[in-house]
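Numbering (numbering that gives the first Met the number 0), first residue to last: 0 to 211. Cβ coordinates follow ideal geometry from the N, Cα and C atoms, glycine included. Working notes, beginning with the structure itself.
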Amino acid sequence: MNPLEIAPVVPVVVLDDPDIAVPVARALVAGGIGIIEVTLRSPAALPAIERIAAEVPDMTVGAGTILTPHQIETATAAGARFLVSPGTTPGLLDAMADSGLACLPGVATVSEAMAVLDRGFTHMKFFPATSAGGPSALRSIHGPLPGIRFCPTGGITPDTAPDYLALPNVACVGGSWLTPPSALASGNWHEIRNLAARAATLQNGTDTGTHH
Numbered sequence: 000m001n002p003l004e005i006a007p008v009v010p011v012v013v014l015d016d017p018d019i020a021v022p023v024a025r026a027l028v029a030g031g032i033g034i035i036e037v038t039l040r041s042p043a044a045l046p047a048i049e050r051i052a053a054e055v056p057d058m059t060v061g062a063g064t065i066l067t068p069h070q071i072e073t074a075t076a077a078g079a080r081f082l083v084s085p086g087t088t089p090g091l092l093d094a095m096a097d098s099g100l101a102c103l104p105g106v107a108t109v110s111e112a113m114a115v116l117d118r119g120f121t122h123m124k125f126f127p128a129t130s131a132g133g134p135s136a137l138r139s140i141h142g143p144l145p146g147i148r149f150c151p152t153g154g155i156t157p158d159t160a161p162d163y164l165a166l167p168n169v170a171c172v173g174g175s176w177l178t179p180p181s182a183l184a185s186g187n188w189h190e191i192r193n194l195a196a197r198a199a200t201l202q203n204g205t206d207t208g209t210h211h
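As C-alpha cells, then:
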C-alpha cells in the first residue's frame with residue numbers, strides 16, 4: 000500500500016532507545032495510526048525499525064532522513080517498507096527507484112518537484128513545509144503540476160495540519176507532535192495513543208495519483 004493512503008498523519012519519530020520502539024508503535028496503532036517514519040538520526044534507528052517490523056505486524060514502518068544509497072540498503076535490510084528523504088540527488092533517486100519500496104523523495108521547489116517527477120515519482124515529501132511556503136505554496140504548485148501528491152513535513156502542528164490536508168495535492172502530513180519527547184522519555188504510551196486517536200480523525204484529500 001502507498002504510505003500516503005494509510006493515515007492522514009505520518010508520525011515522524013526520533014528514537015534514541017530501541018527498547019521503546021515496540022510500545023511506541025503499539026500505542027500509535029491503538030490510536031488508529033498504522034504508519035511510522037523512524038528517522039535515521041540516531042544509532043537506535045535501525046534496531047528500532049527491526050523490532051517494529053518483527054513485532055508489530057499492523058504497523059507499516061519506514062525509514063526517514065535517508066541521505067545516501069547505503070542507508071537505503073541498511074534500512075531495507077532492517078525491514079523498512081517505505082523510504083523518505085529530506086531532499087534529492089540523482090544518485091539517491093536512482094537508488095530509491097531500484098529499492099522496490101514506496102518512496103517519498105524530498106522537494107522544496109517547483110524545479111525539484113519537476114526533476115523528481117521526470118524520474119518517475121509522483122509522490123513526494125514537501126520539506127521544510129512551513130519554511131518553504133506552507134499551504135499557499137502547495138496550492139500554487141498544484142496548478143502547473145496537478146499529477147503530484149505531497150506529504151508536507153516540517154513545522155506542521157495539529158492546528159495547521161487541516162490547512163494542508165484540505166488541499167487537493169496533499170494526501171497526508173508528517174508530524175512529530177504525536178510522539179512528544181516527554182512522552183517518549185517517561186513511557187507515557189497512553190498520551191501517544193490519545194494523540195494518535197485525534198490525528199486519525201483528521202480529514203485528508205482524495206488520492207488521485209499513482210506512485211512510482
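By how many angstroms is the C-alpha of residue 159 removed from the C-alpha of residue 1?
24 Å
Is the beta carbon of residue 174 closer than 8 Å to that of residue 22?
no
Give the DSSP bridge partners of residue 6, in chain order.
Looking at the DSSP assignment, residue 6 forms no beta bridge with any residue, so it has no partner.
What residue range is occupied by the uninterrupted beta strand (DSSP E) comprising residue 123?
122-125
Helix, strand or coil for residue 172? Go by DSSP, reduced to three states.
strand
Curious, which full-length alpha helix (DSSP H) runs of at least 4 residues does the stretch 57-82 contain?
68-77
Could you give the residue range of the alpha helix (DSSP H) that holds residue 114?
109-117
Determine the DSSP secondary structure at residue 139, reduced to helix, strand or coil.
helix
With residue 44 as the anchor, note down where its alpha helix (DSSP H) starts and where it stops.
That run of the alpha helix (DSSP H) goes 44-54.
If we count the other Cβ atoms within 10 Å of its Cβ and call it buried at 16 or more, is residue 207 buried or exposed?
In this predicted model, residue 207 has a pLDDT of only 34, less than 50, meaning its place in the structure is not dependable; the value taken from the coordinates is given anyway. Burial call: exposed.
Can you give me the C-alpha to C-alpha distance between residue 152 and residue 17, rounded to a whole angstrom?
24 Å
Taking a contact to mean a Cβ-Cβ separation below 8 Å, would you say residue 192 touches residue 170 in this structure?
no
Need the endpoints of the beta strand (DSSP E) that residue 37 sits in, please.
Taken as a continuous stretch (DSSP letters only), the beta strand (DSSP E) holding residue 37 covers 34-38.
For the pair the stretch 83-93 and the stretch 49-58, tell me if three or more CB-CB distances fall below 8 Å.
Output reads no: the stretch 49-58 does not touch the stretch 83-93.
Which residues in the same chain as residue 38 place their Cβ atom closer than 6 Å to its Cβ, once the five residues preceding and following it in sequence are excluded?
13, 63, 64
Rounded to whole angstroms, what is the Cα-Cα separation between residue 19 and residue 183?
The straight-line gap from Cα to Cα measures roughly 8 Å.
CB residue 104 to CB residue 125, shorter than 8 Å?
Residue 104 places its beta carbon 8 Å or farther from that of residue 125.
Among the residues of its own chain, which have a CB less than 6 Å from the CB of residue 205, if the five just before and after it don't count?
Low confidence applies here, because residue 205 scores a pLDDT of 41, under 50, leaving its location unreliable; read the following figure in that light. Same-chain partners within the cutoff: there are none.
List the endpoints of the continuous beta strand (DSSP E) containing residue 103.
Counting along the chain, the beta strand (DSSP E) containing residue 103 begins and ends at 101-103.
Please tell me whether residue 116 and residue 138 are closer than 8 Å, where the distance is taken between their beta carbons.
Their beta carbons are not under 8 Å apart, which means residue 116 does not touch residue 138 by this criterion.
How long is the line joining the alpha carbons of residue 217 and residue 27, rounded to whole angstroms?
The requested residue 217 does not occur in the structure, where the chain is confined to residues 0 to 211.
Out of 70, 108, 93, 190, which one is the CA nearest neighbour of residue 42?
70
Write down the C-beta distance between residue 140 and residue 172 rounded to the nearest angstrom, noting that I regard them as a contact closer than 8 Å.
The Cβ separation is near 15 Å, so there is no contact.
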